[in-house]
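What follows is a set of notes on a single structure, which appears directly below.
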Amino acid sequence: LEQEFEHRLQEEKLLLNRQLEATVSRDHSEELKREKTAMEELLQQQKQTLELEAKRERLRLMERFEEEKAALVDKHRLEVYDYENMLIKGVEGLRGRLKTDFFALLDRHKAEVTENERSRINEETRTRDGRQREAREEEFEKLQRKHETERRELIRNSDAEITRIRGLICN
Numbered sequence: 191l192e193q194e195f196e197h198r199l200q201e202e203k204l205l206l207n208r209q210l211e212a213t214v215s216r217d218h219s220e221e222l223k224r225e226k227t228a229m230e231e232l233l234q235q236q237k238q239t240l241e242l243e244a245k246r247e248r249l250r251l252m253e254r255f256e257e258e259k260a261a262l263v264d265k266h267r268l269e270v271y272d273y274e275n276m277l278i279k280g281v282e283g284l285r286g287r288l289k290t291d292f293f294a295l296l297d298r299h300k301a302e303v304t305e306n307e308r309s310r311i312n313e314e315t316r317t318r319d320g321r322q323r324e325a326r327e328e329e330f331e332k333l334q335r336k337h338e339t340e341r342r343e344l345i346r347n348s349d350a351e352i353t354r355i356r357g358l359i360c361n
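To convert, take the position in the sequence shown, counting from 1, and add 190; that gives the working numbering.
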């Protein structure tokens, strides 16, 4: 009997433990569901907050973009105006690096023109000197031929004169 009683007691204890576990499990499950619901609500709130912040940031960035765009348009308009005035004023209208670059370019151009002119003059001088040398050589050769012709003429005349004088002497 005692054994049976203990056996029943153990069965009841086991049954109570199972019921307790089921109750605890149900309670735990309900607690988890409540936590899940709370987390989902928190997540939804955070999502809405982030969306609102993102929208505000987007608007702020768009405003900043529009301001920067307007500033760039104004700056560009002023630069165009400055360039147009530079064209009207000429060299006096140049400023800063543009003026420095312009004068550097002008100096480089003057140096190139001077060098080209020097090269042209040197070439003309060489050509003229060459023509003059050729003309002198031709004149020299012409004089040599003339002198040679005169020399031969003089030799022939002197030979003829010698022959005539010999003929006079011998007769």
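Glycine included, C-beta positions come from ideal geometry on N, C-alpha and C.
Quiz item: First and last residue of the alpha helix (DSSP H) that includes leucine 284?
Solution: Start at 1 with the first residue of the sequence shown, and residue 284 comes out as number 94. Per DSSP, leucine 284 belongs to no alpha helix (DSSP H) and is neither H nor E.
Exercise. Could you pull out every residue in the same chain whose Cβ sits closer than 6 Å to the Cβ of isoleucine 345, ignoring the five residues on either side in sequence?
Key: Locating residue 345 in the sequence shown gives position 155, where the first residue counts as 1. Excluding positions up to five away in sequence, the list is empty.
Quiz item: Taking Cβ to Cβ, would you say aspartate 297 is nearer than 9 Å to arginine 285?
Solution: Start at 1 with the first residue of the sequence shown, and residue 297 comes out as number 107. Start at 1 with the first residue of the sequence shown, and residue 285 comes out as number 95. No, the Cβ-Cβ distance between aspartate 297 and arginine 285 is not below 9 Å.
Quiz item: For aspartate 349, which residues of its own chain have a beta-carbon under 6 Å away from its beta-carbon, when the five flanking residues on both sides are left out?
Solution: The residue you call residue 349 lines up with position 159 of the sequence shown. The answer is none, since no qualifying residue turns up.
Quiz item: Distance, Cα to Cα, leucine 268 vs leucine 288?
Solution: As a working mapping, residue 268 is identified with position 78 in the sequence shown. As a working mapping, residue 288 is identified with position 98 in the sequence shown. The alpha-carbon atoms of leucine 268 and leucine 288 are separated by roughly 16 Å.
Exercise. Pull up the distance between the alpha-carbon of glutamate 201 and that of glutamate 194, whole angstroms please.
Key: For the purposes of this step, residue 201 is identified with residue 11 of the sequence shown, where counting begins at 1. For the purposes of this step, residue 194 is identified with residue 4 of the sequence shown, where counting begins at 1. Approximately 10 Å between the Cα atoms of the pair.
Quiz item: Can you tell me the Cα-Cα spacing of alanine 391 and glutamate 253, whole angstroms?
Solution: Outside the modelled stretch of the chain, which goes from 191 to 361, sits residue 391, for which no answer is possible.
Quiz item: If you scan the stretch 226-303 from start to end, which runs of the beta strand (DSSP E) of 3 or more residues do you find wholly inside it?
Solution: none
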